[in-house]
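Just below is one structure, and these are the notes that go with it.
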Amino acid sequence: MGSFFHRHGAFTPYLLLAPGILWLAIFFLIPLAFLGYESLQSGLFPDFQFTWELSNFSNGIRDYREQIVRSFVYAGIATIACLVLAYPLVYWIAFRAGPWRNLFLLFIVAPFFVTYLVRTLAWLNILADEGPVVGALRAVHILGPDGRLLATTFAVVSGITYNFFPFMALPLYVSLEQIDPRLLEAAKDLYASSTQAFLRVTLPLSAPGIVAGTLLTFIPAAGDFINAALLGTPGQAMIGNVIQAKFLESLDYPGAASLSFVLMGLILVALLVYARIVGSERLTG
Amino acid sequence: MTSVAAASPRARPGVARRAWAFAKRHALAVYALLAVGYLMLPIAVVILFSFNKPAGRFNYVWEEFTFDNWIDWNAVLGIQNAIVTSIEIGLLATVVATALGTLIAMAIVRHRFVGRGATNLLVFLPMSTPEIVLGASLLTLFLNTTAIFQLGFVTIFIAHVMFIVSFVVVTVKARLIGFDRHLEEAAMDLGANELTTFRKVTLPLIAPAMLAAALLGFALSIDDFVITYFNAGGTQTFPIFVWGIARVAVPPQVNVIASAIFIVAIALALGNVLWQYRSAKRAQGAA
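Chains as they are written, first to last, in our numbering: chain D, 1 to 285; chain S, 1001 to 1287.
Pasting the structure below:
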């Protein structure tokens, strides 16, 4: 075996790659092609025919514009909420937590160790009508006597925010942790106030983390359907709920497949717009 | 900051400013603790309600403390099969994905070859595709090839390997990049062949990264709902079981299983941190 590798060194990388890449090709790339094929079919279950049915796309966008817009609005709000909530926490961990750093990082990833569905259901307990949060908000008249938190947009967006928080916090931490503290000392020596040092040194240097965190949070959030299903009502349905219902309940495979591509296409458009705003070299670098 | 400022007489800060700086510093610490509280709150609720004795079918309101749910953890029909299936699929998918992913990482880091960019892209794409699209596209493959694939255990296993591989590649790649190739050359100079070198030098050095990748892979597998839901057929993993029962009423046994998974995961994470800390110390001592 050793001598084989010596004589055929040029093949070695391909031998190493073959099993894994084949798996990804067969079970990731080919399925995407099947999804494309399915999205252009017409007919009713189980008799679908391939007819280049492009109207699946225009019909899907027309019929579910509300859910599509809602997905991107919810994902956008949740991403911004994650950034605002995570930045000060992660800043403190990176610069002030000292020996407690690893413990606090463990706190950040800990929600991942509780099954996604179960930790989402826990928000049912917390936000329940009989629960302490609703009780307190009613007592101080922020909520009316019949006011609720469950089955509202607030519940769905905060569920998404909570569930994807670590995706924002971890890349942010990596970028902040790499900042050389001497740069901040230098800024202070040059008479920068702490605010100026933060705005001119820390914030720009943490930009790669902000960009990575935004992508890692926004993409899964836009396709999520669990939070809307468990914490919301049909009035909070997102595009993921529509795709899921069409695939697994109404068995409208062409409709579901075309909406999947609409979702991917819109995420790509959102990424391109984002790349224009933040600069494309930051997105890829 | 204060020491630098205090050393220069021109910028001696006033008491008020120092108090403000003090308050600011602690405001951040207070915020950090509040944020951690927010992150821990649902976890605490899950664990707390695993000890609840609900009055009716719904486990939403705290009634009474009991150990019964932990003792009769499998008293709910189907829950034991579901968690056993989850663990089986998790172990199988993790072993296969760790092997495949490590090989890909070795090829990418150590070789220059035609198609390296495309390989990187193929590894990156599944991680940046929404789960619902991954699940839906695999389902269309399986629906169009029913002669080969019937939805169930095998299709869940296939799906899990597919989405775990990329995470393994990323994790192991990071470790391989900092790898000193001279160690392998030294082994070869001392007469070891490639296989022996791999077994005695390469493998022990990348083993921690493989272990970390495997732990991550297992965690991803046992937690996955979306991709599994599309490709499960009639087979129930633990998340699928929870989804099914969430529409009726969630029994406290679900909290018991979730708490148990959480405790094991935390123990493993702490163990991994300690192990890395100790091997770092040993390496320091040897140097």
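Ideal Cβ positions, reconstructed from N, Cα and C, are used throughout, including at glycine.
Contact between the region 1165-1180 of chain S and the region 1089-1103 of chain S is present: 3 or more CB-CB pairs across the two stretches fall below 8 Å. In the structure shown, S42 (chain D) falls within a strand segment according to DSSP collapsed to helix, strand and coil. Secondary structure at F34 (chain D): helix, using DSSP grouped into helix, strand and coil.
Under the 7 Å criterion on CB atoms, D1068 (chain S) is classed as non-interfacial with respect to chain D.
When the Cα atoms are used, M1188 (chain S) and D1180 (chain S) turn out to be separated by approximately 14 Å.
The region 1115-1123 of chain S makes no contact with the region 1221-1234 of chain S, as fewer than three CB pairs between them are under 8 Å. The DSSP assignment places 1116-1127, 1131-1144 as complete runs of the alpha helix (DSSP H) inside the region 1098-1170 of chain S, in order along the chain (cut-off: 4 residues).
Contact annotation: L149 (chain D) and L127 (chain D) have beta-carbon atoms nearer than 7 Å.
Here the C-alpha atom of V1061 (chain S) lies approximately 16 Å from the C-alpha atom of A1246 (chain S). Straight across, the Cα-Cα distance linking A1016 (chain S) with R200 (chain D) is about 25 Å. For F50 (chain D), the enclosing beta strand (DSSP E) starts and ends at 47-50.
Each of D:V156, D:A86, D:A245, D:S258 was checked against the Cα of I210 (chain D), and the nearest Cα belongs to D:A86.
By the CB criterion at 7 Å, L170 (chain D) and S206 (chain D) fall outside the cutoff. Annotation: the continuous alpha helix (DSSP H) that includes V242 (chain D) extends over 239-248.
Listed by position along chain S, the residues whose Cβ is nearer than 7 Å to that of N125 (chain D) are V1045, F1049, Y1060.
For N1081 (chain S), the three-state secondary structure derived from DSSP is helix. Within the region 170-198 of chain D, the complete alpha helix (DSSP H) segments at least 4 residues long are 181-189, 194-197, listed from N- to C-terminus.
Its chain contains R148, L150 as the residues whose beta carbon lies nearer than 7 Å to that of D129 (chain D), once the 5 sequence neighbours on both sides are disregarded; these appear in chain order. When only Cα atoms are considered, L105 (chain D) and S39 (chain D) end up about 43 Å apart. Not flagged as an interface residue toward chain S: F154 (chain D), since no C-beta distance is shorter than 7 Å. Separation of K1053 (chain S) and D146 (chain D) (C-alpha to C-alpha, rounded to the nearest whole angstrom) is 28 Å. Close partners of Q67 (chain D) in chain S (Cβ separation under 7 Å) are lacking, with about 13 Å as the shortest Cβ gap. Nearest Cα to D224 (chain D) within the set D:A81, D:F198, D:L117: D:L117. For F1065 (chain S), DSSP records a beta bridge to S:N1052. Annotated three-state conformation of V140 (chain D) is coil, per DSSP. Secondary structure of P145 (chain D) (DSSP, three-state): coil. For A1035 (chain S), the nearest beta carbon of chain D is closer than 7 Å to its own beta carbon. Residues of chain D whose Cβ lies closer than 9 Å to the Cβ of H1182 (chain S) do not exist; the shortest such Cβ separation is about 19 Å. Residues of the same chain with a CB within less than 6 Å of the CB of L1138 (chain S), apart from the 5 flanking positions on each side, are A1159, N1231 in chain order. One thing to note: V242 (chain D) has its Cβ within 7 Å of the Cβ of Q67 (chain D).
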